[in-house]
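If you read the sequences in order, they're chains A and B. Residue -15 is where the first sequence starts when you use my numbering, and the numbers rise one by one after that. Residue 703 is where the second sequence starts when you use my numbering, and the numbers rise one by one after that. Worksheet for the structure shown next.
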Amino acid sequence: MATLTTTISYGEPAGSMVATLGAPGPAGQAATVTVGSTVTGAAGTPAAVVNVGTSSAAVLDFTIPQGIKGDQGNQGAPGTPGTPGTAATVAAGSTSTGAAGTSASVVNAGTSSAAVFNFTIPRGDVGAQGTPGTPGTPGVVAATAPLAYDSGTQTVSISSTPIFAAVYAYNGTEEISISPISLTATNATSSLGIDATGITFPDATFQGTAYPGTGTFLPLSGGALNANASATASDTSTATDSEFAGWGLGVQLSADHTKGTTVEFDGVDAYDGLSHMQVTPAGLTFPDATVQTTAFTGAASTSWGSITGTISSQTDLQNALDAKYDASNPSGFITQGTADGLYYSISNPSGFITSGDLSGYATESFVTSQGYITASALTGYATESWVQSQGYLYPDANGVIQYPNGVMTDPSFPIGRFWYQSQKFRWTDGVAIRTVASESYVTTALGSYAPLAGATFTGKINLATISGAQTPTLNLGATVDPNATNAVSGDFWISNAASPKVSYKVGSSTYYCTTNNLTNTFSSPQVFDTTSNTLAAVRITQKGTFPALVVEDSTNPDATAFVVDQNGAVGVGVDPSTFSPSNKVEVVGNLKATAFVNGTGPTYNVKGIQTHSGGADTHELLVSVNGSTYRVGMRFVSTP
Amino acid sequence: MSSPTISWKRGSTFAAQVIYTPGAGDPPTLEGVLVESSVMDHARQRYPLTVSMLPGFLGFNIYFDGDSSDWAAGTAAIDYRCTLDEVVFYSTTARFTIDPQVTL
């Protein structure tokens, strides 16, 4: 017996499964099964099958239990009749007629003991045809015109032409109607009408007169007439052409909406839209309106320019041509005389150019090899004649530039033109003829002007006068307002008005510069401030003998001024004009000070005077020296 | 029936190597034998296996070419169907346990 040992690759725990694999054995003997006994067991007991034989020869004994109680059986036989009940009542209700072929029905509308039956009885089928009845008594028959009744034959006939107001025949979609005045045939899409005025066709066209043709008619448009004859209509409004052609008739007439040939009984008119050529019994009328009434035979005289003669005679034309022949110059070449000024050579008296004369000139092949300007390459370039027509500058024999059309006097000549005339260059701006200034003119004209830079200006600049609300930017002119109200920040100007000032404006404020030898009046304090701690904010140098500083009140001259003279002596309350101090400080008035000092000595101060009693002194002078107060006795001497 | 001693966790590749040990009178090798095999899980769902013969024909490899994560956990069965000269042999059925994944 072979075995197959299976080891799973991924498993825990590792192990193998062994399966046996054997070849099938030989076919065995067929088994037998025999039914043994069958016993009915008690209801509710299990059934049993017991093999009382062998496995290959089975004998099966069955024990089958009795079945359980079954379902209820069928209804039993009817019972005995009961006692008679109360007699029922029956009444007939409604009776209705049903449709032929339907079933009759009876419905109890009452109760089972008091029935009320409603009947529905269907209509019977149609019965068979009955026997003919007895003919009745002939009646009286009358007829009105156009009908007539014959009582003898009992027939009706038409006695006269019937008159109908209208006749209609209509099949649902088509109709024909006849009235005393019209006949109309109508179908679902169109109609044809005939009345006393004519025929109205389905396309609403109307024909009021008989068509005059006989036999085969020419269609109104298109189609074949015969022998390839055809006709088309023309319409000038839509610019369509017309044609009548018939090769079989040997004629083709055509026209478009602007031209054509008209054939009438008395002539033919060919018109190409511009001119007419007419053939009429009166002759030929040419486009230039000349009329030829007789055949041209050639015998009439004619002319060719200055040559006159007759057509039939060729000699007169020949003679005339011969008269124009110059025997001295039979070929019409340029003669010696005509060549004068162009080219003349004794060796070549006829003026021809010989090959030797062409020596030094470029051959065609050379020119081709070098390339040349073709006519197409010159497209867009101005021609010489055009340039001449526009005019251009050119020098004359003296080298003076000239304008080709001469002196220009029209200022409206095209703007920008420039020419030389009367030793001046001129140009026009479309308004006037202008002259270009020469260098000498400019030099002379500018001689009185100062250059803006690079040279020394020695003249005087005259500027406009401003005042009041006028707006100066830089104005150094005369009679200038020192307080020009319209001046803006940065403006600088000098006024020489009654109160002249050098003025400038910063922001919205106007400032004045002090001027020498003048009284400068300021409306606000003049503040001198400096960031230097070593230099004076204001330094006054007086090199003369007049006081260096005078401070006055509103009085000028002020006799009680504060004065610093040229030597540094200070006068307080003095007259500057007479101030000549012998001391460094002179005060006209009281002098008030906290203390006095003499050089490096002690500080002293007079603190007051008080009365003194005792002795000859009447008063005491209180003197402070270095902070200590001393009394100095005083004795009256005299009054001032 | 006793519980199988071989367990295998589903979700991993089911593959095994099968060694053929011939008995007396049996073919010496499996050469010429068509081997087929399937696994039937606890839910009686069959999964055919791919069989490839080993060199020398003394065994073969089997594996399931698919996802085994939905195999029913529990006792599974496997057997082999061998066909030689149109005669079919079935091996006995071997059993193993398919374990579920604990950590999902």
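For every residue, glycine included, the Cβ atom is placed at its ideal position computed from N, Cα and C.
Item: Own chain residues within Cβ distance below 6 angstroms of N210(A), not counting five before or after; Value: Interpretation of N210(A) is limited by its pLDDT of 49, a score under 50 that renders its predicted location unreliable; the figure taken from the coordinates is listed afterwards. Excluding residues within five positions, none has a Cβ falling inside 6 angstroms.
Item: Host alpha helix (DSSP H) of S349(A) (start-end); Value: 348 to 354
Item: Spatial distance of C497(A) from V486(A) (CA atoms); Value: 5 angstroms
Item: A304(A), DSSP secondary structure in three states; Value: helix
Item: With 16 other Cβ atoms within 10 Å as the buried cut-off, status of D272(A); Value: exposed
Item: Chain B contact for G12(A) (CB, 8 angstroms cutoff); Value: In this prediction, G12(A) has a pLDDT of 48, which is less than 50 and means its spatial position is unreliable; nothing more can be read from the coordinates.
Item: Own chain partners of T246(A) with C-beta closer than 6 angstroms, once the 5 adjacent residues on each side are dropped; Value: D253
Item: CB contact check: D787(B) to chain A, cutoff 8 angstroms; Value: no
Item: Partner residues on chain A for T794(B), Cβ-Cβ distance less than 7 angstroms; Value: A3, T4
Item: Close beta carbons around Q262(A), own chain, < 8 angstroms, minus the five adjacent residues each side; Value: G251, V252, D253, A254, L268, T269
Item: Inter-residue Cα distance where the pair is E423(A) and G431(A); Value: 12 angstroms
Item: Three-state secondary structure assigned by DSSP to F101(A); Value: strand
Item: Collapsed DSSP secondary structure at L209(A) in the structure displayed; Value: Its pLDDT being 47, under 50, L209(A) is placed unreliably in this model, and the coordinates cannot settle the point.
Item: Cutoff 6 angstroms; reference T170(A); Cβ partners in own chain excluding five residues on either side; Value: E159
Item: Contact set between the region 771 to 785 of chain B and chain A, restricted to residues whose Cβ is under 9 angstroms from the partner; Value: I780, D781, Y782, C784
Item: Contact list for T723(B) against chain A, beta-carbon separation under 7 angstroms; Value: A(-14), T(-13), T(-11)
Item: W773(B) in three-state terms, based on DSSP; Value: coil
Item: First and last residue of the uninterrupted alpha helix (DSSP H) at T428(A); Value: 423 to 429
Item: Endpoints, beta strand (DSSP E) assigned at R748(B); Value: 748 to 750
Item: Cut-off 8 angstroms between Cβ atoms - residues of its own chain near T752(B), not counting five sequence neighbours on either side; Value: I764, Y765, F766, D767
Item: Own chain residues within Cβ distance below 6 angstroms of A717(B), not counting five before or after; Value: Y765
Item: L362(A) in three-state terms, based on DSSP; Value: helix
Item: Where T(-10)(A) falls, given that 16 or more other Cβ within 10 Å makes a residue buried; Value: buried
Item: Euclidean distance between Cα positions of G257(A) and T242(A); Value: 6 angstroms
Item: Host beta strand (DSSP E) of M(-15)(A) (start-end); Value: That residue, M(-15)(A), is in no beta strand (DSSP E); it is neither H nor E in DSSP.
Item: Within-8 angstroms CB hit, I52(A) to chain B; Value: no
Item: C-beta contact flag for V100(A) and G77(A) at 8 angstroms; Value: yes
Item: Sequence-distant residues of its chain with Cβ nearer than 8 angstroms to R418(A) (five each side left out); Value: R410, W411, T412
Item: Beta-carbon spacing of V556(A), P531(A) below 8 angstroms; Value: no
Item: 8 angstroms Cβ cutoff, S(-7)(A) in contact with chain B; Value: yes
Item: Buried or exposed by the 16-neighbour rule on C-beta atoms within 10 Å, applied to D787(B); Value: exposed
Item: L5(A) and F759(B) closer than 8 angstroms at C-beta; Value: no
Item: Cutoff 7 angstroms; reference D179(A); Cβ partners in own chain excluding five residues on either side; Value: I165, S166
Item: Residues within the region 724 to 751 of chain B neighbouring chain A, beta-carbon criterion of under 7 angstroms; Value: P724, G725, D728
Item: Cα-Cα separation, T363(A) to T347(A); Value: 26 angstroms
Item: Nearest-angstrom Cα separation, counted from Q719(B) out to P802(B); Value: 22 angstroms
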